[in-house]
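**Q** According to our numbering, the sequence shown is numbered sequentially starting from 11.
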Amino acid sequence: MIAAENAVVLMDYTVKDDEGNLIDTSTGQEPLAFILGMGNIIPGLEKAFLGKKKGDAFVVRVNPEEGYGERDESLVEIVPRGQFGGIKDLRVGMQLQAQTDDDLMVVTVVGITEQEVTVDANHPLAGKALNFDVKVVEVRSATKEELSHGHVHGLGGHNH
Ligand code: ZN
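1. Leaving aside the five residues before and after I251 along the sequence, list all residues of the same chain whose C-beta is less than 7 Å from its C-beta, in chain order.
2. Any idea what DSSP makes of S151, helix, strand or coil?
3. What residue does the beta strand (DSSP E) around E126 start on, and which one ends it?
4. Ligand 1 heavy atoms versus the CB of H133: any closer than 7 Å?
5. Less than 8 Å between the beta carbons of T118 and G103, yes or no?
6. Where does K138 land, buried or exposed, given buried means 16+ other C-beta within 10 angstroms?
7. Determine which residues share a DSSP beta bridge with R81 and list them.
8. Using beta-carbon positions only, say whether Q125 and P74 come within less than 8 Å of one another.
9. Identify, in the order they occur along the chain, each residue of the same chain with its Cβ nearer than 7 Å to the Cβ of D66, setting aside the five sequence neighbours on each side.
10. Looking at V162 and V44, is the spacing between their C-beta atoms short of 8 Å?
11. Going by DSSP, name the residue or residues bridged to T118.
In structure tokens, the structure reads:
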């Protein structure tokens with residue numbers, strides 16, 4: 011079967027930044043499963059699977075605009091340290107959930123002084139080009155249930 015819109019694709023992947031640093035890999039884990047065209051994965055990677063079949067292996071370089079977006083410096087905020095009073099071991103690199111009006115967002119602590127904490131709400135991969143090394147493990151039709159849920163069930167997907 012050839013991968014097309016609404017097909018289920020299972021892939022093994024390794025992703026590195028432009029400096030060759032490993033960001034993530036499925037090695038040693040289940041393959042990642044997604045429904046093509048549903049936006050389950052970043053657009054620049056998703057479209058690379060169109061027309062591919064089981065066993066195909068290829069490399070894709072995804073620019074930030076088709077990945078996790080460009081960095082937005084207005085998402086970097088300085089907050090009085092007192093607001094973090096309840097958090098032990100506050101340190102640079104720590105990720106915290108912040109409640110906004112109607113959303114839960116994840117921020118990364120990027121700086122700490124005695125009085126202030128700098129947090130960054132950009133996705134950690136924003137602004138980075140991502141180099142994927144992928145292998146197509148399986149291509150199959152999606153079930154009606156998977157299409158209505160908008161995600162894959164079973165291996166590499168949801169179990170519910
Ligand atoms: Zn489901």
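For every residue, glycine included, the Cβ atom is placed at its ideal position computed from N, Cα and C.
Since the structure is predicted, the reported quantities are computational estimates derived from the model, not experimental observations.
**A** For this structure:
1. Look at the range of the chain in this structure, 11 to 170, and you will see that residue 251 is not part of it.
2. Sequence index remark: in the sequence shown, residue 151 carries index 141 (1-based). In the structure shown, the three-state DSSP call for S151 is strand.
3. Your numbering for residue 126 matches position 116 in the sequence shown. Per DSSP, E126 belongs to the beta strand (DSSP E) from 126-130.
4. Looking up residue 133 in the sequence shown gives position 123. Outside the cutoff, so no.
5. By 1-based counting over the sequence shown, the position of residue 118 is 108. By 1-based counting over the sequence shown, the position of residue 103 is 93. Cβ atoms of T118 and G103: closer than 8 Å.
6. Sequence index remark: in the sequence shown, residue 138 carries index 128 (1-based). By the 16-neighbour rule on beta-carbons within 10 angstroms, K138 is buried.
7. In the sequence shown, the residue the question calls residue 81 occupies position 71. Answer by DSSP bridge pairing: none, since R81 is not bridged.
8. Locating residue 125 in the sequence shown gives position 115, where the first residue counts as 1. Locating residue 74 in the sequence shown gives position 64, where the first residue counts as 1. No. Outside cutoff.
9. Locating residue 66 in the sequence shown gives position 56, counting from the first residue. So the qualifying residues of the chain are V146.
10. Along the sequence shown, one-based indexing puts residue 44 at 34. Along the sequence shown, one-based indexing puts residue 162 at 152. The identity of residue 44 in the sequence shown is Phe, whereas the question assumes Val. Cβ atoms of F44 and V162: closer than 8 Å.
11. Numbered from its first residue, the sequence shown carries residue 118 at position 108. Bridge partners of T118 according to DSSP: Q105, D130.
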